[in-house]
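First the structure, in the form of structure tokens, and then the observations on it.
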Amino acid sequence: MTFLKKLDEAALAAIKKDNPPVAWFCDFGAAMYDRMDGLTAIITDHHVPSEREIPREARGDLAALAEAQDRVLMLNPHLLGEGSDAASGSGTTYLVAKAMDSRNTDLAAIAIVGAVADMQEREFRRLTGFNRQILDDGVQAGVLEAKVDLRLFGRETRPIHKMLQYASDPWIPRLSGNGEACIAFLLELGLEPKQEDRWIAWNELPQDQKRLVMSELVRHMLDRGCGFAETERLVGEQYTLLKEERGSPTRDAKEFGTLINACGRYDRADVGYRVCRGDRADALEESFALLRGHRETIVRSLDFIDEIGIQQLAAIQYFHGGDKIRDTVVGIAASMAYNAPGVSKDLPILAFANADDGIKVSARGTRDLVARGLDLAAIMRDAAKAVGGEGGGHHVAAGATIPPGKEQEFLTVVDRMVEDQLGLGFR
Numbered sequence: 130m131t132f133l134k135k136l137d138e139a140a141l142a143a144i145k146k147d148n149p150p151v152a153w154f155c156d157f158g159a160a161m162y163d164r165m166d167g168l169t170a171i172i173t174d175h176h177v178p179s180e181r182e183i184p185r186e187a188r189g190d191l192a193a194l195a196e197a198q199d200r201v202l203m204l205n206p207h208l209l210g211e212g213s214d215a216a217s218g219s220g221t222t223y224l225v226a227k228a229m230d231s232r233n234t235d236l237a238a239i240a241i242v243g244a245v246a247d248m249q250e251r252e253f254r255r256l257t258g259f260n261r262q263i264l265d266d267g268v269q270a271g272v273l274e275a276k277v278d279l280r281l282f283g284r285e286t287r288p289i290h291k292m293l294q295y296a297s298d299p300w301i302p303r304l305s306g307n308g309e310a311c312i313a314f315l316l317e318l319g320l321e322p323k324q325e326d327r328w329i330a331w332n333e334l335p336q337d338q339k340r341l342v343m344s345e346l347v348r349h350m351l352d353r354g355c356g357f358a359e360t361e362r363l364v365g366e367q368y369t370l371l372k373e374e375r376g377s378p379t380r381d382a383k384e385f386g387t388l389i390n391a392c393g394r395y396d397r398a399d400v401g402y403r404v405c406r407g408d409r410a411d412a413l414e415e416s417f418a419l420l421r422g423h424r425e426t427i428v429r430s431l432d433f434i435d436e437i438g439i440q441q442l443a444a445i446q447y448f449h450g451g452d453k454i455r456d457t458v459v460g461i462a463a464s465m466a467y468n469a470p471g472v473s474k475d476l477p478i479l480a481f482a483n484a485d486d487g488i489k490v491s492a493r494g495t496r497d498l499v500a501r502g503l504d505l506a507a508i509m510r511d512a513a514k515a516v517g518g519e520g521g522g523h524h525v526a527a528g529a530t531i532p533p534g535k536e537q538e539f540l541t542v543v544d545r546m547v548e549d550q551l552g553l554g555f556r
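Each number in the numbering used here comes from the position in the sequence shown (counting from 1) with 129 added on.
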């Protein structure tokens with residue numbers, strides 16, 4: 130097993146040189162689908178696939194593809210007319226594992242962690258598409274529970290006032306960013322956020338107190354001018370891993386996903402793999418240390434963005450992190466900067482960071498922009514190619530790697546492409 134940050138031409142060439150009996154690509158490979166000649170391969174992915182002629186009758190059907198003697202088999206929701214949020218890379222991989230042995234439905238828990246880590250529940254505040262089938266498998270296997278609850282991060286591990294303080298989706302007026310105000314808010318409701326000198330977490334509250342807090346948060350937001358669409362984002366379907374210990378980040382799908390992501394972003398994907406396999410000793414402790422470092426890195430990155438500001442062109446906005454923002458977290462920094470108050474949601478955002486193999490680019494948009502025609506996967510692919518790089522991803526979130534010094538040329542191409550897709554007509 131080999132962990133890669135991305136599958137590019139060089140990595141694919143090395144795999145072809147090794148000539149394995151079968152190469153299985155998980156959560157990437159779709160963008161390189163048209164370049165896998167000579168390999169016998171399986172792709173379980175959910176990113177937008179590159180164009181490759183597939184018999185219509187064989188699309189989405191592994192057996193039909195095999196009968197057509199295709200040596201590259203891909204399971205991807207896009208082949209069934211679904212989008213990137215119908216299943217994650219972990220979800221498509223799970224579906225193969227389940228087909229291999231029906232007893233593997235206990236693995237649905239990890240598949241749902243992958244979906245939540247990819248924020249696939251974000252748009253509708255619940256999982257949709259093939260993810261519902263995977264969720265049902267997990268519920269029936271007794272490893273998952275789905276309940277409507279507060280959507281804020283940290284239900285298992287964060288003190289309640291910290292969970293409110295760090296709320297960003299939605300941003301809660303007068304509470305987000307203000308820890309003291311959050312404590313006062315809880316005290317005014319008659320709740321004591323501290324018990325026996327220990328701050329308590331959200332999931333330690335009884336259900337009646339949870340309902341009280343959620344009701345008052347809704348009232349708080351509406352009274353301060355927040356619209357219904359924004360306010361309803363306070364609550365949504367949340368996913369609990371029932372076999373995990375209470376108070377552990379591995380019990381909440383959102384926290385578990387963040388823990389695993391931290392491992393991969395700091396070149397320790399092996400640690401995340403061991404945690405997913407059930408190591409709750411050394412690997413879990415290592416993942417906690419990586420997560421602490423990850424949070425410190427994110428804080429420094431956001432401080433740097435505040436310092437340099439976000440620049441704007443006709444159809445896009447952007448910032449360049451240089452070597453001050455790690456290339457493995459520039460996508461997170463872009464998302465958090467994009468969701469900050471005062472940052473326009475009418476234009477997609479691009480973030481740059483220096484990387485060993487060039488300049489890493491992360492692009493983020495909104496579902497509303499996608500509904501208007503935005504396709505960041507196509508833009509990153511075509512704009513990167515125009516300047517000698519490579520790119521791809523999803524309609525709403527994508528990335529690229531381009532040669533150093535090509536940033537301005539790349540921005541010009543992207544700006545024009547976004548303008549054309551959205552029909553902005555600035556020029």
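Note that the Cβ used here is the ideal one computed from N, Cα and C, for glycine as well.
Distance between beta carbons of A216 and H175, contact taken as under 8 Å: In the sequence shown, the residue the question calls residue 175 occupies position 46. In the sequence shown, the residue the question calls residue 216 occupies position 87. Contact flag correct, Cβ pair sits at about 5 Å.
Boundaries (first-last residue) of the alpha helix (DSSP H) holding N483: Position 354 of the sequence shown, counting from 1, holds the residue named residue 483. Unbroken run through N483 is the beta strand (DSSP E), 478 to 484; no alpha helix (DSSP H).
Contact between the region 478 to 491 and the region 519 to 533 (3+ Cβ pairs under 8 Å): Taking 8 Å as the limit for Cβ pairs, the verdict is that the region 519 to 533 does touch the region 478 to 491.
CB contact flag (G521, A506, <7 Å): Translated into the one-based positions of the sequence shown, residue 521 becomes position 392. Translated into the one-based positions of the sequence shown, residue 506 becomes position 377. Yes, these two residues count as a Cβ contact at 7 Å.
Same chain only: Cβ atoms within 6 Å of F154, ignoring 5 sequence neighbours per side: Residue numbering aside, residue 154 sits at position 25 when the sequence shown is read from its first letter. Once the five neighbours on either side are set aside, the close Cβ partners of F154 are I172.
Inside the region 453 to 540 only - beta strand (DSSP E) runs reaching at least 3 residues: 478 to 484, 487 to 493, 519 to 522, 526 to 531
Segment limits, beta strand (DSSP E) that includes A275: On the sequence shown, position 146 is the one that residue 275 refers to. Element bounds for A275: 273 to 279.
Contact check, Y467 vs I454, beta carbons under 7 Å: Counting from 1 along the sequence shown, the entry for residue 467 is found at position 338. Counting from 1 along the sequence shown, the entry for residue 454 is found at position 325. No, these two residues do not count as a Cβ contact at 7 Å.
Start-end ranges of the beta strand (DSSP E) lying completely within the region 323 to 388, minimum 3 residues: 364 to 370
For T173: DSSP bridge partner residues: The residue you call residue 173 lines up with position 44 of the sequence shown. DSSP output for T173 lists C155, L204 as bridge partner(s).
Close beta carbons around T379, own chain, < 8 Å, minus the five adjacent residues each side: The sequence position of residue 379 within the sequence shown is 250, counting from 1. Taken in chain order, the residues that qualify are L370, E373, F385, L388, V404, R409, L413.
Beta-carbon separation (whole angstroms), S219 vs A240, contact threshold 8 Å: Along the sequence shown, read from residue 1 onward, the residue named residue 219 stands at position 90. Along the sequence shown, read from residue 1 onward, the residue named residue 240 stands at position 111. Yes, S219 and A240 are in contact; Cβ-Cβ is about 5 Å, under 8 Å.
Span separating the alpha-carbon of L551 from that of G212: On the sequence shown, position 422 is the one that residue 551 refers to. On the sequence shown, position 83 is the one that residue 212 refers to. Their Cα atoms are separated by approximately 19 Å.
Selection from M343, D352, I312 that minimises the alpha carbon distance to P302: Position 173 of the sequence shown, counted from the start, is the residue given in the question as residue 302. That would be D352, whose Cα lies nearest to the Cα of P302.
Proximity of I439 and F448 at Cβ, strictly below 7 Å: Numbered from its first residue, the sequence shown carries residue 439 at position 310. Numbered from its first residue, the sequence shown carries residue 448 at position 319. Yes, Cβ-Cβ distance for I439 and F448 is below 7 Å.
Q441 in three-state terms, based on DSSP: Along the sequence shown, one-based indexing puts residue 441 at 312. Residue state, collapsed to three classes: strand.
Environment of A160 [buried if 16+ CB atoms lie within 10 Å]: One-based indexing of the sequence shown puts residue 160 at position 31. So A160 ends up on the buried side.
Residue environment, Q367, which counts as buried when at least 16 other CB atoms sit within 10 Å: Residue mapping note: residue 367 aligns to position 238 of the sequence shown, counting from 1. Its Cβ being crowded by 16 or more others within 10 Å, Q367 is buried.
Alpha-carbon spacing of L540 relative to D475, whole angstroms: Taking the sequence shown and counting its residues from 1, one reaches residue 540 at position 411. Taking the sequence shown and counting its residues from 1, one reaches residue 475 at position 346. Approximately 17 Å, taken between the alpha carbons.
Inter-stretch contact (C-beta, 8 Å, three-pair minimum) for the region 309 to 322 and the region 251 to 264: Cβ pair count under 8 Å is below three, so no.
Q446, enclosing beta strand (DSSP E) - first and last residue: Position 317 of the sequence shown, counted from the first residue, corresponds to residue 446. Q446: member of the beta strand (DSSP E) spanning 446 to 449, first to last residue.
C-beta atoms of A382 and V242 nearer than 7 Å: Counted from its first residue, the sequence shown places residue 382 at position 253. Counted from its first residue, the sequence shown places residue 242 at position 113. It is a contact, given that the beta carbons lie within the stated cut-off.
N148 burial status per 10 Å Cβ neighbour count (16 or more: buried): Residue 148 sits at position 19 when you count from the first residue of the sequence shown. It counts as exposed.
Backbone CA spacing between A244 and G517 [nearest angstrom]: Reading the sequence shown from its first residue, position 115 is the one you call residue 244. Reading the sequence shown from its first residue, position 388 is the one you call residue 517. For A244 and G517, the distance between alpha carbons rounds to 32 Å.
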